[in-house]
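Chains as they are written, first to last, in the working numbering: chain Z, 2 to 280; chain W, 3 to 159.
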């Protein structure tokens, strides 16, 4: 008898276990499948399509630990109709989940090397799973460095976890804000300015970047300037993903389908496209 | 023990500078230390020096009535603080407020300017290095002006 693969276009019902407000406009959903079935394995950087019934479906990166799949964890920002409706979900509400989809961060390739993660804003969410992996498999990697930039101190995502990671002698965590407010005593400036300050060997480094595209371009350029080979720089792209399996073409990015070939790309694959103006 | 010349040679700002120029510049340099809360300089004062930060963190601040001090950016180890010493009227545009205990090399601007005038090759070297920093800070400022983390269309997420 042949096992039937689940139809990737059919959402599976998941129950909201917990909704946590992270900042004024970001929140984390913890989900468990209805009926107690398993959560499919996922890799760092992959995304799911989350469906708020009667409102719509959007792609959201998985921000939980790949080694602890239950509950399924997603952090996002309430910016559109669906994500705003999602923020209003309560425990025991049910939403649809399809996935996981897409490419993943190069954590296998990074073994034996220094790993530098550069995240901006909500871009930390798709990279948190990498942090969990690095921490759990610490002996496999060289230096582990997290560079994080936020708009203001109140926009810092996962603040408690950042403090926890920063207290870990085995991790280097640098946080900066674009605009200092209140009693902020940390760094002020853009995240790319942290790159010259961070301790890593550029000749033996894998860099992973996620954030607004402009931030990623400038950050990748700074990594190159520091001496990181372009083929060792990875970024996570976001486009208008709909089907998530490379059929509908909504997320087509010249020769690539971001949902299927991405969201994680080797920077050298798409560097030339990032500066092209889109119609 | 490290000499001033070797400290200067090890700072990214002077990376690759020819030894005879390093020797000349050392004559304009002195070691300095600042405690938390100290002002290395204040807005409007004469900018007679600039600093190569060796350790610590300094906030570049401006004072705004009704708001108090606003931090423009922070300057940290390996970085350079100040370019007002190059251009007339040689006055600080911002204040340098120490956030963490800071060790720095202070370079006398008048001394450097006179050496640069006497030897234009040295002057050009200094100018290129300062221009590089100004360009990097300008780029960073431009990114911040875009406010890329906000939810307007320029923001991604």
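Glycine is no exception: its CB is placed at the ideal position from the N, C-alpha and C atoms.
| Item | Value |
| --- | --- |
| Taking only beta-carbon atoms, is residue 51 of chain W less than 8 Å away from chain Z? | no |
| Please list, in chain order, all residues of the same chain as residue 156 of chain W whose beta carbon is under 8 Å from its beta carbon, the five residues on each side excluded. | Its pLDDT being 44, under 50, residue 156 of chain W is placed unreliably by the model, and the measurement read from it follows with that caveat. Correct list, in chain order: 148, 149 and 150. |
| Taking 8 Å as the threshold (C-beta atoms), are residue 131 of chain Z and residue 76 of chain Z in contact? | no |
| When you compare each of Z:24, Z:17 and Z:277 to residue 255 of chain Z by their alpha carbons, which one comes out closest? | Z:277 |
| Expressed to the nearest angstrom, what Euclidean distance is found between the alpha-carbon atoms of residue 76 of chain W and residue 59 of chain W? | 7 Å |
| Please name the residue, chosen from Z:133, Z:201 and Z:179, that lies closest to residue 67 of chain Z on a Cα-to-Cα basis. | Z:133 |
| According to the neighbour-count rule (16 or more other Cβ atoms, all chains shown, within 10 Å of its Cβ), is residue 248 of chain Z buried or exposed? | exposed |
| I'd like to check one pair, residue 212 of chain Z with residue 1 of chain Z: are the Cβ atoms closer than 8 Å? | Outside the shown range of chain Z, which is 2 to 280, sits residue 1 of chain Z, and nothing can be said about it. |
| Please return the same chain residues whose Cβ sits closer than 8 Å to the Cβ of residue 200 of chain Z, not counting the five positions on each side in sequence. | 144, 146 and 173 |
| Which one of W:138, W:19 and W:63 has the shortest CA to CA distance from residue 39 of chain W? | W:63 |
| Is the stretch 121 to 140 of chain W close to the stretch 91 to 101 of chain W, with three or more CB pairs under 8 Å? | no |
| Enumerate, from N- to C-terminal direction, the unbroken alpha helix (DSSP H) stretches of 4 or more residues contained entirely within the stretch 17 to 100 of chain W. | 21 to 28 |
| Closer than 8 Å by beta-carbon distance: list the chain W residues that pair up with residue 151 of chain Z, in chain order. | 151 |
| Identify the continuous alpha helix (DSSP H) that holds residue 143 of chain W and give its terminal residues. | 122 to 148 |
| Any chance you could list the alpha helix (DSSP H) runs of at least 4 consecutive residues sitting entirely within the stretch 126 to 197 of chain Z, in chain order? | 126 to 137 and 160 to 167 |
| Buried or exposed, going by whether 16 or more other CB atoms sit within 10 Å of the CB of residue 104 of chain Z? | buried |
| Classify residue 222 of chain Z as helix, strand or coil using the three-state DSSP reduction. | helix |
| Give me the chain Z residues within the contact set of residue 101 of chain W, using Cβ-Cβ distance strictly less than 7 Å, ordered along the chain. | 186 |
| By DSSP, does residue 8 of chain Z sit in helix, in strand, or in coil? | coil |
| Below 8 Å CB to CB, which residues in the same chain sit around residue 195 of chain Z once its five sequence neighbours on both sides are set aside? | 119, 148, 150, 175, 177 and 188 |
| Buried or exposed: residue 42 of chain W, going by 16 or more other Cβ atoms within 10 Å of its Cβ? | buried |
| Flag this pair as touching only if the stretch 9 to 25 of chain Z and the stretch 82 to 98 of chain Z have three or more C-beta atom pairs under 8 Å; answer yes or no. | yes |
| At least one CB of chain Z closer than 8 Å to the CB of residue 105 of chain W: is that the case? | no |
| Quick one: is residue 89 of chain W buried, meaning 16 or more other Cβ sit within 10 Å of its Cβ, or exposed? | exposed |
| When we look at the beta-carbon of residue 47 of chain W and count the other beta-carbons within 10 Å, is it buried (16 or more) or exposed? | exposed |
| Counting pairs of beta carbons, one from the stretch 19 to 33 of chain W and one from the stretch 66 to 85 of chain W, are three or more of them closer than 8 Å? | no |
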